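Enquirer:
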Amino acid sequence: MTNLPLNFAKAIADETRQKIMEQLCCRWLNVTEIVETIGNVTQPTISHHLAVLRDAGLVDAREEGKHTYYTLNQDSIAVCCGRLIQVFAPETELAKAVDEAHK
0 MTNLPLNFAK AIADETRQKI MEQLCCRWLN VTEIVETIGN VTQPTISHHL AVLRDAGLVD
60 AREEGKHTYY TLNQDSIAVC CGRLIQVFAP ETELAKAVDE AHK
């Protein structure tokens, strides 16, 4: 990601992608399971949003037979959130803590 804060913000700006991320936190789901848990969204739409999240590095995928399973990449989320804090709130205590963590 060349512009990490911007790419992260764009990826999470969509409400459907936020719902997908909530579902993928701490578990692996395939597209059909995500469609079932979110409802009112088609499989192609979910697949599109997963591609956006995957391109942004926010979702990991693994193949199992005919299915692909997805989960939230929590390390990437933490890095992106830390970068946002450093860029947009550099004088806060949290930004200082992020700086210390990266030393």
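Note that the sequence shown covers residues 0 to 102 in numbering that gives the first Met the number 0. Every residue, glycine too, gets a C-beta built ideally from N, C-alpha and C. These figures come from a predicted structure and were not determined experimentally.
Between which residues of its own chain and V34 is the CB-CB distance below 8 Å, once the five residues before and five after are set aside?
Expert: Answer for V34: V40, T41, Q42 and I45, listed in chain order.
Enquirer: Of the residues H47, N29, I84 and Q73, which one's Cα is nearest the Cα of K65?
Expert: Measuring from the Cα of K65, the nearest candidate turns out to be N29.
Enquirer: V91 to D54, Cα distance in whole Å?
Expert: The sequence given here places Thr at residue 91; Val does not occur at that position. Distance between the alpha carbons of T91 and D54 is about 30 Å.
Enquirer: Keeping to the same chain, check which residues put their C-beta closer than 6 Å to that of R61; ignore five residues upstream and five downstream.
Expert: Cβ neighbours of R61 beyond the five flanking positions: Y68.
Enquirer: Does DSSP put V40 in a helix, in a strand, or in coil?
Expert: The answer is coil: DSSP assigns V40 none of H, G, I, E or B.
Enquirer: Are L161 and C24 touching if we call contact CB-CB under 9 Å?
Expert: One cannot answer for residue 161 here, as it falls past the ends of the chain, which runs 0 to 102.
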